[in-house]
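Protein chains in written order, with the working numbering: chain H, 9 to 220; chain U, 22 to 226. We treat Cβ as the ideally placed atom computed from N, Cα and C, and that holds for glycine.
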Amino acid sequence: MKKTLYSILYMFLITFCFTALVSGIRYLNQEKIEQNMAMRRQAVILSALNISSQKIDSAALQMSLYNERIKQRQILDRDIYIGLDNEGQAITGYAFSASGQGFWGPISCMIGISGDMTHLLGIVFYENTETPGLGARITEDWFQKQFTGLSLKNKNSSGNFFTLSPAGSEKTSDDFDAITGATGTSDAVEKFLNRELRLFINRIAPLLIKET
Amino acid sequence: MPIAGSNKQILTKGLWIENPVLRHVLGICSTLAVTNLVINTLVMCAGLIFTLAMSCITVSAMRNYTPDRIRMMVQMLIISSYVIIVDILIKAYLPEISVALGPYVGLIITNCIVMGRCEAFARQNPPIPSMLDGLGTALGYSLVLLIISVVRETLGFGSIMGFTIMPDSFERWTIMIMAPGAFFMLGIFIWIVRARYPHLYEEKS
């Protein structure tokens, strides 16, 4: 009985001590971690809206650019980031986060759409667990830049804005290079991006126009 | 149980003779997962070195007070705490690498090498030799991982630490980037080492 009580008390005490240690270290670094996450999100939004495609080394500079050029709205429970021109007056674009199931796990990206909602400004994939060197190549510049300028006025016979087909094959203006060796990831990206673009054009855009 | 050998012997045996990957084939989940890029491997190894050395010294310091029946729970608590600390520090000071490593830092908790050394050595020996044992074992693990990652990144991406070293005409070996490439590399590496140094790895009858 005495041994059992000692074991329970001992376990309780060391759990308390180690939890306190971890919590203390977490508390001391919480601000820095949140700042890193916010910086990363800001950089993704600025890049998707084509406001700053290069990495900004100074946190203060990025923060100031973000505050001057981005406004946030919530429409249909989704955060919409509104990009403004240099004067902070006219709307140059809208960005929103989109997610879908990839080959191995969720893929998240930020989609930037022009102010007149006619074409894409850019797409930045900021989270994925795809195979490095294969599916994870969706984060490479060449893949992401293909979508810049994609027209949102027309859909193909399947109701999609674009398709991804093998690199090197003959392409139309709404047909882009898939990633060689990562068909699963390419199919997933094509499916969820088209779905999210349809949602934006059909449901979010009318509300945004009404609001502005 | 008495300490086996001097501090120097304890530190160096994990590096080669008792190398956890080459001799015991332990901790290979992370060997397969993170070794396609040298930079990710370096951070993973640094995390494991810290976790193993600190876990061993802590388990050892508490060994005379820890009841036997709950020792595994205690060890798991200690190891998890250090791994979470490593994860917090990487998130705070190396955010880009934290994103690249994803869940693998957290998986150090389940690395058999850590609990293996705590259970086999630290809980029966004083803190300093225990820390050296953990340090030597983690360095041995890191040595193997780094060698594998250099080969995989060179053949898979044509680069080392992100710097291109292969000519443009070099055809990348896609398989080296994927998990099967790590299996092949690990198997070949263990085969070469054991064939080259049979006297070190032959079981004593």
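query	result
Assign PRO150 of chain U to one of two classes, buried (16 or more other C-beta atoms within 10 Å of its C-beta) or exposed (fewer than that).	buried
What does THR126 of chain H touch in chain U if you count any residue whose Cβ is under 9 Å from its own?	By Cβ distance, chain U contributes nothing, its closest Cβ being about 33 Å from THR126 of chain H, past 9 Å.
According to DSSP, is VAL172 of chain U part of a helix, a strand, or is it coil?	helix
Which same chain residues end up closer than 6 Å to SER163 of chain U when comparing Cβ atoms and leaving out the 5 residues on each side of it in sequence?	CYS66
For GLY127 of chain U, which residues of its own chain have a beta-carbon under 7 Å away from its beta-carbon, when the five flanking residues on both sides are left out?	VAL104 and ASP108
Could you tell me which residues DSSP puts in a beta bridge with ARG81 of chain H?	H:ILE88
In the segment 17-39 of chain H, which residues sit with their C-beta less than 7 Å from some C-beta in chain U, listed in chain order?	TYR18, MET19, ILE22, THR23, PHE26, LEU29, VAL30, ILE33, ARG34 and ASN37
On a CA-only basis, which of H:ASN75, H:GLN109, H:GLN80 and H:LEU129 is nearest THR100 of chain H? Give me that one, please.	H:LEU129
Work out the CA separation of THR131 of chain U and ARG144 of chain U for me, nearest whole Å.	18 Å
Between U:LEU73, U:VAL165, U:TYR114 and U:LEU53, which has its C-alpha nearest ARG34 of chain H's C-alpha?	U:TYR114
What runs of the alpha helix (DSSP H), each 4 residues or longer, lie entirely inside the segment 99-160 of chain U?	116-122 and 133-141
Can you name the residues of chain U whose CB is closer than 8 Å to the CB of SER15 of chain H?	PRO88, ARG90 and ILE91
What's the gap between the Cα of ARG217 of chain U and the Cα of ILE209 of chain U?	12 Å
Where does VAL46 of chain U sit, in a helix, a strand or coil, going by DSSP?	coil
Does the structure place the segment 79-98 of chain H close enough to the segment 190-204 of chain H that three or more beta carbon pairs sit under 8 Å?	no
Rounded to the nearest angstrom, what separates ASN146 of chain U and LEU36 of chain H at their Cα positions?	34 Å
Could you please give the first and the last residue of the uninterrupted beta strand (DSSP E) stretch that includes GLU135 of chain H?	128-135
Quick one: any contact between the segment 42-62 of chain H and the segment 130-148 of chain H, if contact means 3 or more CB pairs under 8 Å?	yes
Pull up the CB-CB distance for LEU156 of chain U and ILE70 of chain U, whole angstroms please, since I reckon it's below 8 Å.	7 Å
Assess contact between the segment 209-218 of chain H and the segment 167-176 of chain U, defined as three or more Cβ pairs (one per stretch) separated by less than 8 Å. Is contact present?	no
Less than 8 Å between C-beta atoms, sequence neighbours within five positions excluded: which residues of the same chain meet that for ARG86 of chain H?	PHE104, SER105 and ILE212
Inspect the CB distances between the segment 199-208 of chain H and the segment 162-169 of chain H and report whether three or more fall short of 8 Å.	yes
Tell me, please, whether the CB atom of THR139 of chain H is closer than 8 Å to any CB atom in chain A?	Although the question refers to chain A, the structure presented lacks it and instead comprises the protein chains H and U.
State the beta-bridge partners of LEU172 of chain H as determined by DSSP.	H:PHE184
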